[in-house]
Amino acid sequence: METSDLSHHISRRFNEDLERVRGQVLTMGGFVEQQLAKAVSAMVEGDSLLGETVARDDFEVNKMEVSIDEECSRILATRNPTAGDLRLIVAIIKAITDLERMGDECEKIGYIAARLASQERPVDKYREIKHLGRVVQNMVHDALDAFARMDPEAALRVARQDRLVDEEYEAIQRQSITFMMEDPRAIRRVIDVMWVVRALERIGDHAKNICEYVVFMVHGKDIRHVRIEDVERELKQREQQQREGEG
Amino acid sequence: MGHPWWGIAGALAIELVRNLVNLHQFDHWLRNRNRRDPPDAGGLWGDLVSQVSRLHRRKQFHKKRLLSLFRELRRSTASMPDGVVALNSANEIVWFNRKAAELLGLKRKTDFGIQIAGLLRVPEFSRYLAKGDYSASLRVPPRVGDATTLEFQGVPYGEGQVFLLVRDVTRQSQLETMRKDFVANASHELRSPLTVISGYLETLALDDTLPDDLRGPIGEMRRQSERMTTIISDLLELSRLEATDEQVVGTPIDVVGLLTLLRKDLSARDAKAHAVELRIESPDGLMGDQGLIHSAFWNLVDNAAKYTPPGGTITLRWWTDDDGGHFAVTDTGPGIAVEHLPRLTERFYRVDPGRARDKGGSGLGLAIVRHVLQKHGGELKIESVEGRGSTFSCHFAPLRLVRESVAKATDSRYSAEQDLEN
């Protein structure tokens, strides 16, 4: 399904409904991106006020999820979408759940950042969180871009980055264990840091999910629990077959 | 043979074949008219061919001219220093130039027809587009957390379409931040030496052994150093207010208690013995930052006292209606000429530079009031008639109001004062 296909609808109102709800999802995504950026910055800069703001503003994300959910139910009930349109609605309903979870993880980071701000900061100034935060922020950004452009190739590229995040997570975990053994007084703080890293890793997973919905939306193929390389190979084969069919 | 019909039939058949051949050639040429020369045919077919080929040449000529015009246009917009994005009435991208692609990360092949808010998801930008009010420009980074700052200016045209101009203002906004930081730092640095000077002046003034001819100058020095202290603390407050654009949420404020306290403070400090009238028409409170609201209201009340001659009346009024909460200070002072009204909230703006100096204000009071109100989503209105007096009023949105019981329960700062008074 291409974006231009959307414009071929007999009912223009239906088309407008779909585009509007898609726009709302991306607005919600933008807000979550901002929450994530603020949460990471609150953590790294030790800004307790910013952390509290992030935790407080999470209700906005929840509000958006509820309103988009209602809109989708209304479209399902009144328009009976089929094929690509149905896939779009299904993908949206799933994507907003992931976005809402991302919001919850940001809220968690905000709380911990506010709590840790009053404590002594480690020498490395949470460099690893800063780095992982940047990787995850880019992932979320690119996933939402792929969603906006309905670009399955870009989506697969982003999904592949999730492995990077997982590796980083493992590395930080090992490092943290060393810290705890060296200095038992730091255990409390290191556990909090682990929570933050874990939350970032989860956000990366949710971004990957959104990428999977993009592929589902465009190709009608469910790629969850399948290795990305296999998916790429299959999609390439399918493209080739299509080209041969045309030639 | 010899039958005349056979002859006619034969001639018709030949003619038919000739026409069919011509028709076929004509069709073949039409299909490949850009590569082939027109076929040679006599009579009607020849005319037809030359007509069509003339039309074709003319169309080709116009097409070329339009194409070169279009290329020229595209080249010129590509070399523009600012980014331009054309949006249709649904805010979908219709067209953009090279600079816009570079600044916003748009892709030429895929991004036409996509809603721009889907790609530029910075919440402030989405709000700017959704509001559709392009009277002001907007400064945001192209993506959340980016260090660059872009300035967006919408230019509406046609039926709901919009030209979006994009400029990189990273450097300007950095300079602006530097300026703000400088003012804040300078004020802060000036405060410590000033405290020392004020301290010594105070001791000197209280010294009984001081020669009489020094009393006057020392008194004047004390007054001036006090004024400097006021200016510096006002400057610091302004830079704090300017530091963020975000709205304050705050806590419930008991406005009735606040106003009662303001009147008491005024009567205590006022040297000119004005009649102060308090008209409280609503018991409701206000959501806001208690310190900021107090400072804004006090600035207005203090101004009124400064500019109203002895014997004048100052009225403080608080009322609520469907538009929200309103606080107004009315005085019977000399009033302000109309031409000064729009500039009154500028920093250090003086209606009459010579006269105003001895009133002792910092010249920043109204700027502070305006900033405080902006932070609460409110608005400052000034009405004045020369020779009869002025009214300064603050307007707050209905969402900012809280019920009396809530305000009293949460904000207990004034209840002690009120108890004493009763």
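Here the protein sequences line up with chains U and G, keeping their order. So for the first sequence, the working numbering puts the first residue at 1; every next one is plus one. So for the second sequence, the working numbering puts the first residue at 1001; every next one is plus one. Glycine included, each C-beta is placed from N, C-alpha and C at the ideal position.
Cross-strand partners of residue i (DSSP beta bridge)
i	result
Ile-93 of chain U	In the DSSP output, where bridge partners are listed per residue, Ile-93 of chain U has none listed.
Met-102 of chain U	Bridge partners of Met-102 of chain U: none, in fact.
Leu-1316 of chain G	G:Leu-1278, G:Val-1329
Cys-1394 of chain G	G:Phe-1327, G:Leu-1380
Asp-17 of chain U	Per DSSP, none; premise fails for Asp-17 of chain U.
Thr-1251 of chain G	G:Gly-1288
Val-1385 of chain G	G:Gly-1389
Gln-1153 of chain G	G:Leu-1165
Phe-1096 of chain G	G:Val-1085
Below-9 Å beta-carbon distance, residue i vs any chain G residue
i	result
Gln-161 of chain U	no
Val-216 of chain U	The identity of residue 216 of chain U in the sequence shown is Phe, whereas the question assumes Val. So no, Phe-216 of chain U is outside the interface.
Phe-141 of chain U	A small correction: the amino acid at residue 141 of chain U is His; Phe does not occupy that position in the sequence shown. For His-141 of chain U, the answer is yes, since a Cβ of chain G falls inside 9 Å of its Cβ.
Glu-19 of chain U	yes
Ala-117 of chain U	no
Ser-41 of chain U	yes
Leu-235 of chain U	no
Thr-3 of chain U	Confidence at Thr-3 of chain U is low in this model, with a pLDDT of 46, below 50, so the placement of that residue is unreliable and no value is reported for it.
Glu-16 of chain U	yes
His-9 of chain U	Because the pLDDT at His-9 of chain U is just 48, under 50, the model does not fix this residue reliably, and the point stays unresolved.
Phe-147 of chain U	yes
Gly-23 of chain U	yes
Gly-204 of chain U	no
Asp-151 of chain U	yes
Ala-91 of chain U	no
Glu-182 of chain U	no
Glu-33 of chain U	yes
Interface flag, residue i vs chain U, CB-CB below 9 Å
i	result
Ala-1117 of chain G	yes
Ile-1114 of chain G	yes
Pro-1342 of chain G	no
Pro-1123 of chain G	yes
His-1003 of chain G	no
Ser-1126 of chain G	yes
Arg-1143 of chain G	yes
Asp-1111 of chain G	yes
Lys-1063 of chain G	no
Ala-1090 of chain G	yes
Lys-1107 of chain G	yes
Separation of residue j from residue i, as counted between CA atoms
i	j	result
Pro-1193 of chain G	Phe-1096 of chain G	56 Å
Ser-1405 of chain G	Asn-1299 of chain G	27 Å
Leu-1073 of chain G	Thr-1244 of chain G	41 Å
Val-1155 of chain G	Glu-1124 of chain G	18 Å
Ser-1362 of chain G	Asn-1303 of chain G	11 Å
Leu-1373 of chain G	Leu-99 of chain U	35 Å
Thr-1170 of chain G	Leu-1119 of chain G	21 Å
Asp-1289 of chain G	Thr-97 of chain U	36 Å
Leu-1286 of chain G	Val-25 of chain U	34 Å
Pro-1398 of chain G	Arg-1215 of chain G	54 Å
Phe-1425 of chain G	Ile-1368 of chain G	Lying before the first or after the last residue shown, residue 1425 of chain G is absent from chain G, which here runs from 1001 to 1422.
Phe-1297 of chain G	His-1371 of chain G	12 Å
Arg-121 of chain U	Val-197 of chain U	16 Å
Trp-1319 of chain G	Pro-1283 of chain G	8 Å
Arg-259 of chain U	Ile-177 of chain U	Given that chain U is displayed from residue 1 to residue 247, the structure contains no residue 259 of chain U and the question cannot be resolved.
Gly-103 of chain U	Leu-200 of chain U	11 Å
Among the options, nearest to residue i - alpha-carbon criterion
i	options	result
Pro-1081 of chain G	G:Gly-1145, G:Arg-1098, G:Gly-1288, G:Phe-1070	G:Arg-1098
Ser-1173 of chain G	G:Phe-1026, G:Pro-1141, G:Glu-1202	G:Pro-1141
Asp-1168 of chain G	G:Gln-1153, G:Ile-1231, G:Arg-1179, G:Leu-1087	G:Gln-1153
Gln-228 of chain U	U:Glu-239, U:Asn-209, U:Arg-134	Before going further, note that residue 228 of chain U is Ile rather than Gln in the sequence given. Comparing Cα-Cα distances from Ile-228 of chain U to each of U:Glu-239, U:Asn-209, U:Arg-134, the minimum goes to U:Asn-209.
Arg-20 of chain U	G:Asn-1091, G:Leu-1366, G:Gly-1288, G:Met-1287	G:Asn-1091
Gly-1145 of chain G	G:Phe-1327, G:Asn-1032, G:Arg-1121	G:Arg-1121
Leu-1258 of chain G	G:Ser-1390, G:Gln-1060, G:Leu-1129, G:Leu-1316	G:Leu-1316
Thr-1229 of chain G	G:Thr-1077, G:Ile-1218, G:Gly-1199, G:Pro-1252	G:Gly-1199
Val-1248 of chain G	G:Arg-1240, G:Ala-1147, G:Ser-1089	G:Arg-1240
Glu-1220 of chain G	G:Leu-1235, G:Val-1338, G:Lys-1131, G:Glu-1202	G:Glu-1202
Leu-1344 of chain G	G:Val-1329, G:Asp-1331, G:Leu-1366	G:Leu-1366
Asp-1270 of chain G	G:Ser-1050, G:Pro-1334, G:Val-1301	G:Val-1301
Glu-1383 of chain G	G:Cys-1394, G:Lys-1375, G:His-1376	G:Cys-1394
Arg-1400 of chain G	G:Lys-1408, G:Gly-1378, G:Val-1385	G:Gly-1378
Original post:
Can we say the segment 1152-1161 of chain G touches the segment 65-80 of chain U, given the rule of at least three CB pairs closer than 8 Å?
Top reply: no
**OP:** Pair every Cβ in the segment 52-63 of chain U with every Cβ in the segment 103-115 of chain U, then say whether three or more of these pairs are closer than 8 Å.
**Re:** yes
Subject >> the segment 206-221 of chain U in contact with the segment 140-155 of chain U per 3-pair CB rule at 8 Å >> reply: yes
Subject >> Given 8 Å, three or more beta-carbon pairs between the segment 1128-1145 of chain G and the segment 1044-1054 of chain G >> reply: no
Original post:
Quick check: the segment 1200-1209 of chain G against the segment 1174-1188 of chain G, are there 3 or more CB pairs under 8 Å?
Top reply: no
Original post:
Contact between the segment 40-52 of chain U and the segment 165-181 of chain U: three or more CB pairs below 8 Å?
Top reply: no
Original post:
For the segment 1383-1397 of chain G against the segment 1270-1281 of chain G, are there 3 or more C-beta pairs whose distance is under 8 Å?
Top reply: no
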